[in-house]
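J.: Here's a structure for you.
In my numbering, the protein residues as written are 56 to 292.
Next up, the structure:
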């Protein structure tokens with residue numbers, strides 16, 4: 056399955072200025088990192104972050120003689136910025152394709168390139184996702200839910216992983232009818248049609264989907280986030 060990570064990013068300049076800044080910050084061997092601008096329009100920027108990674112390995116032969124060997128490799132991260140609100144400060148949804156374990160270097164590079172960069176997690180109402188999918192696809196089935204903060208006693212809470220052939224949410228509610236539950240992850244089978252495929256989505260914006268449906272899922276999440284944050288206050292961004 057293809058993975059993507061969604062984030063919120065706020066930058067203290069106009070969309071046009073951001074495009075100009077990343078264009079100027081092309082990959083540089085001396086600096087060790089940079090950006091490759093692949094697409095831009097008034098609502099979207101497609102970018103690739105390239106990083107040079109040098110390491111030194113010490114090899115010792117059977118006679119105890121050590122030799123230092125320096126190796127250089129290059130890593131890249133493909134990502135997109137989608138304009139949510141524009142002005143002197145621009146807010147984006149950022150989609151990172153095949154995300155590495157840490158995005159610290161990418162975020163630091165963006166902060167060194169543009170002014171006032173703030174990156175934060177999205178908060179996706181994942182159960183609402185299934186409701187939206189169910190309205191557009193009669194084949195959609197909520198087959199898995201990972202939930203937390205299920206109150207067992209005054210002093211204890213639980214995490215559960217519910218797997219179902221029909222509706223995992225209904226099964227969860229049947230056993231925990233009165234709990235305020237935090238749904239952390241869902242899996243929906245056949246969300247975009249009758250052919251066999253699935254999508255997994257976490258509350259913090261990590262999505263996994265079969266390769267043939269990557270673009271469909273990307274547009275779906277973008278529309279979902281746009282609607283969700285249009286309905287919340289600016290303070291909740």
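Think of the CB as a built atom: it goes at the ideal place given N, C-alpha and C, for glycine as much as any other residue.
Would you kindly work out how many angstroms separate the C-alpha atoms of residue 128 and residue 134, rounded to a whole number?
T.: 20 angstroms
J.: Could you name the residues that DSSP lists as bridge partners for residue 114?
T.: 122
J.: In the DSSP assignment, find the unbroken alpha helix (DSSP H) run with residue 221 in it and report its ends.
T.: Segment: none, residue 221 is in no alpha helix (DSSP H) and carries neither H nor E.
J.: Cα separation between residue 100 and residue 71?
T.: When rounded, the separation of the alpha-carbon atoms in residue 100 and residue 71 is 10 angstroms.
J.: Please report the distance separating the alpha-carbon of residue 95 from that of residue 150.
T.: Answer to the nearest angstrom: the Cα atoms are 15 angstroms apart.
J.: Below 8 angstroms CB to CB, which residues in the same chain sit around residue 144 once its five sequence neighbours on both sides are set aside?
T.: 65, 66, 67, 68, 171
J.: DSSP on residue 202, reduced to helix/strand/coil?
T.: In this structure, DSSP gives residue 202 an extended state, which the three-state scheme calls strand.
J.: So the candidates are 138, 114, 89, 248; which of them puts its Cα closest to the Cα of residue 268?
T.: Residue 268 has its Cα closest to that of 248, out of 138, 114, 89, 248.
J.: State whether the segment 196 to 215 contacts the segment 235 to 243, with contact taken as three or more CB pairs (one from each stretch) at a distance under 8 angstroms.
T.: yes
J.: Measure the beta-carbon distance from residue 176 to residue 62 and round it to whole angstroms, keeping in mind my assumption that it falls under 8 angstroms.
T.: 7 angstroms
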